[in-house]
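Engineer: In the numbering used here, the protein residues as written are 21 to 520.
All residues carry an ideal CB built from backbone N, CA and C; glycine is no exception.
If you're wondering where the values come from, they're calculated on a predicted model, not measured in any experiment.
Take this structure first; my questions come after.
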Amino acid sequence: MKTRPLRKILVANRGEIAVRIIRACRDLGIQSIAVYSDPDRTALHVQLADEAYPLKGTRASETYLDQSKILTVAAQATVDALHPGYGFLSENQFFSAAVEQAGVRFIGPPAKAIRLLGDKTSARTLARKLGLPTISGTEALADGGRALAAAKDLGFPVLLKAAAGGGGKGMRVVQSESKFASLFEMAQSEVQNAFGDDRIFIEQYIKRPHHVEIQVLADEHGNVVHLGERDCSIQRRHQKVVEESPSPLITPELRNAMGEAAVRLIRAAGYVNAGTVEFLVDASSRYYFLEVNTRLQVEHPVTEAVTGFDLVKEQIHVAGGDALSFTQKQIRFNGHAIECRIYAEDPLNNFLPSTGRLAHFIPPDGPCVRVDSGALAGDLIGIHYDPMLAKVICWGGDRPQAIATMRRALREFVITGVETTLPFCQAVLKSQAFVDGNHNTQFIDKEFDFNTLREIEGEEHFFAALAAILIKRSLAERPQETQDTVGQSLWRLKREDTYR
């Protein structure tokens, strides 16, 4: 295989993942091209990119999900490759094929692999052929009548899932036939808005499992490796909120078995680039194949923290035709890492999105703390996109150390102007079930005590007010000419003619 050095990459996404990819490009000496909707014109990912192009619109359907607009920018900017990040078009087989047909490298799996593994029905069929234990489920369905009949055959309760994407979008637990029609319609609407595809996959619902996923990487030279597991069992509305590696549940023997199963599946599918094979693990440590996410995952930083490998850079190298820079035997797991997703949501009001302008946004710092974010103080947090503001990733020599560092980091994180899940994440890390590693996917719904949030929220408001006072005092002590530039957007410092 010949290598194809990449010099210019279009980042077809927004927010913290766009920032993450742009920074990887900068490290590698590759030019980055950003795209932006009208509300994102001054966003951090736009400021950091070498060039940025408008998509002209507000909603995701007319901007980041518009394939023709994205492909037009790719042609105008004469890019070598396109990185889709996660969400939006990242798992769209037709988009992947269109990018390649345009002569641009798609930094992700080929369309045929997305078609095979991104579709939950065909992925489950392949997994069964390879001997992986699976959960009973249906084909992808769009017709409500056929879906109800299939659900009745499976037996309630059932779980509804997006056929063409992940991230918890469209997931609904349906306990009875009487609830099915309304929940199916709600799920269809959500996945149509998120992925442009309203098909729903239905499977049997397993109570109180751990959600454990295996990170995989594959290149065009036949090399496939796994980088261990992540435990993603702390979820609300089937959306992961706290992830960690390694899982407190998984033994070395079970890790090897699940890792080998994931590699076998990926190899059989002819998969290339980064992906994640997801499993459910029950109380008896039996694992069941769940699905494949044919993209980079939100929680990839915890794997990076315990292995020392940069997954985004590996993605870029693989897309350029290089072999993986390491073998399975060279992968070592060091310490423990935890990630908390910080959303602009009100945890005391059923996690409803919170909108407004970020008055203060001061991330934590210090040893073993990493913050991935696309937010800045002064940003307007609206209703059009995912409300995640940041990811806090903390590492420790062992799990107790990682928990202690994360508690400190969350306490230091100051965000004002919107409600956030900071106090919720603090409460999770203080809960005995989490500390003991006895939590499961039902933890928030069945076990979490929301009364603990009120005391923590009081502390947060105190620290936020204290931070505001310190900021004002600091500004007051600066020369006037310095004050005038504090908080000035980098947008004003870049050449306007770069932005077409």
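1. Would Lys76 be called buried (16 or more neighbouring beta carbons within 10 Å of its own) or exposed?
2. In this structure, how does DSSP classify Gln508 when only helix, strand and coil are distinguished?
3. Exposed or buried, which one is Arg24 when buried takes at least 16 other CB atoms within 10 Å?
4. Using the Cα positions of Ala160 and Ala182, report the straight-line distance between them to the nearest angstrom.
5. From the DSSP output, read off the bridge partner residues of Gly416.
6. Could you spell out the range, first to last residue, of the alpha helix (DSSP H) harbouring Cys252?
7. Would you check if the distance between the CB atom of Arg192 and the CB atom of Leu203 is smaller than 8 Å?
8. Check for me: the alpha helix (DSSP H) holding Pro321 runs from which residue to which?
9. Compute the distance between the beta-carbons of Val312 and Leu137, then report whether it is under 8 Å.
10. DSSP three-state label for Asp218, please.
11. Could you tell me whether any Cβ in chain B is nearer than 8 Å to the Cβ of Ala339?
12. Run the CB neighbour count on Ser81, radius 10 Å, all protein chains shown included, and call it buried at 16 or more, exposed below.
13. From which residue to which residue does the beta strand (DSSP E) around Pro74 run?
14. Does the beta-carbon of Gln452 have 16 or more other beta-carbons within 10 angstroms, so that it is buried, or is it exposed?
15. Pick out whichever of Asn33, Glu233 and Ala167 has its Cα sitting closest to the Cα of Glu111.
16. Please classify Phe200 as buried or exposed, where buried requires at least 16 neighbouring CB atoms within 10 angstroms.
17. Are there three or more Cβ pairs, one per stretch, closer than 8 Å when the stretch 248–255 is compared with the stretch 450–467?
18. For a quick check, are the C-beta atoms of Ile53 and Glu71 less than 8 Å apart?
19. Could you check the C-alpha separation between Leu247 and Ser198 for me, to the nearest Å?
20. When you compare the stretch 54–67 with the stretch 99–109, are there three or more beta-carbon pairs, one atom per stretch, that lie closer than 8 Å?
21. Between the C-alpha atoms of Pro229 and Thr158, what's the straight-line distance to the nearest angstrom?
22. Which of the three DSSP states is assigned to Ser81 in this structure?
23. Can you grab the Cα-Cα spacing for the pair Ala357 / Glu264, in whole Å?
24. In this structure, how does DSSP classify Glu311 when only helix, strand and coil are distinguished?
25. Could you give the residue range of the beta strand (DSSP E) that holds Phe346?
26. So, at 6 Å on beta carbons, what are the nonlocal neighbours of Thr538 in its own chain, with the 5 sequence-adjacent residues on each side left out?
27. Report the CB separation of Val297 from Ala277 in whole angstroms; it is logged as a contact under 8 Å.
28. Cα separation between Glu516 and Val66?
29. In whole angstroms, give me the CA-to-CA distance for Val99 and Leu85.
30. State the DSSP-derived secondary structure class of Tyr519, mapped to helix, strand or coil.
31. Relative to the alpha-carbon of Arg27, which residue among Leu68, Phe115 and Val124 has its alpha-carbon at the smallest distance?
32. With a Cβ-Cβ cutoff of 8 Å, do Ile134 and Ile336 count as a contact?
33. Could you tell me the boundaries of the beta strand (DSSP E) in which His231 lies?
34. Do Val39 and Gly394 have their beta-carbon atoms positioned less than 8 Å apart in this structure?
35. Helix, strand or coil for Ser265 per DSSP?
36. Please state the DSSP three-state secondary structure of Pro373.
Structural biologist: So, from the data block:
1. Counting Cβ neighbours within 10 Å, Lys76 comes out exposed, since fewer than 16 surround it.
2. Reliability fails at Gln508, whose pLDDT of 36 lies under 50, so the model's placement of it is uncertain and no value is given.
3. Burial call: exposed.
4. Ala160 and Ala182 have their alpha carbons spaced roughly 8 Å apart.
5. His356, per the DSSP bridge assignment.
6. Boundaries around Cys252 are those of the beta strand (DSSP E), Val244 to Arg256, since no alpha helix (DSSP H) includes it.
7. Yes, they are a contact pair.
8. Element bounds for Pro321: His320 to Thr327.
9. Going by C-beta atoms, Val312 is nearer than 8 Å to Leu137.
10. The answer is coil: DSSP assigns Asp218 none of H, G, I, E or B.
11. Looking at the structure shown, chain B is missing, and only one protein chain is on hand.
12. Taking every protein chain shown into account, the CB of Ser81 has fewer than 16 other CB atoms within 10 angstroms, so this residue is exposed.
13. Glu71 to Pro74 is the span of the beta strand (DSSP E), which, as asked, contains Pro74.
14. By the neighbour-count criterion, in which a residue is buried when 16 or more other Cβ atoms sit within 10 angstroms of its Cβ, Gln452 is exposed.
15. Minimum Cα distance to Glu111 is reached at Asn33.
16. Buried, since its Cβ has 16 or more Cβ neighbours within 10 Å.
17. In this structure the stretch 248–255 lies against the stretch 450–467, because at least three pairs of beta carbons, one per stretch, are closer than 8 Å.
18. Between Ile53 and Glu71, the C-beta gap is smaller than 8 Å, which places the two residues in contact.
19. The alpha-carbon of Leu247 is positioned some 43 Å away from that of Ser198.
20. Counting C-beta pairs with one atom in each stretch, the stretch 54–67 and the stretch 99–109 have fewer than three that are closer than 8 Å, which means they do not touch.
21. As the crow flies, the alpha-carbon of Pro229 is around 20 Å from that of Thr158.
22. Look at Ser81 here: in three-state DSSP terms it is helix.
23. Cα-Cα distance, rounded: 6 Å.
24. Residue state, collapsed to three classes: strand.
25. Phe346 -> no beta strand (DSSP E), and no H or E assigned at all.
26. For the chain, the structure presents residues 21 to 520; residue 538 sits outside this window and is missing.
27. Beta-carbon to beta-carbon, Val297 and Ala277 are separated by about 12 Å, too far to satisfy the 8 Å threshold.
28. Low per-residue confidence applies at Glu516: pLDDT is 33, beneath 50, and the placement is therefore not dependable enough to give any value.
29. Here the alpha carbon of Val99 sits roughly 19 Å from the alpha carbon of Leu85.
30. Reliability of the predicted coordinates at Tyr519 is poor, the pLDDT of 32 falling under 50, and no value is obtained from them.
31. The shortest Cα separation from Arg27 among Leu68, Phe115 and Val124 belongs to Val124.
32. No.
33. First-last of the beta strand (DSSP E) with His231: His230 to Ala238.
34. Yes, Cβ-Cβ distance for Gly394 and Val39 is below 8 Å.
35. The three-state reading of DSSP puts Ser265 in strand, counting E and B together.
36. Look at Pro373 here: in three-state DSSP terms it is strand.
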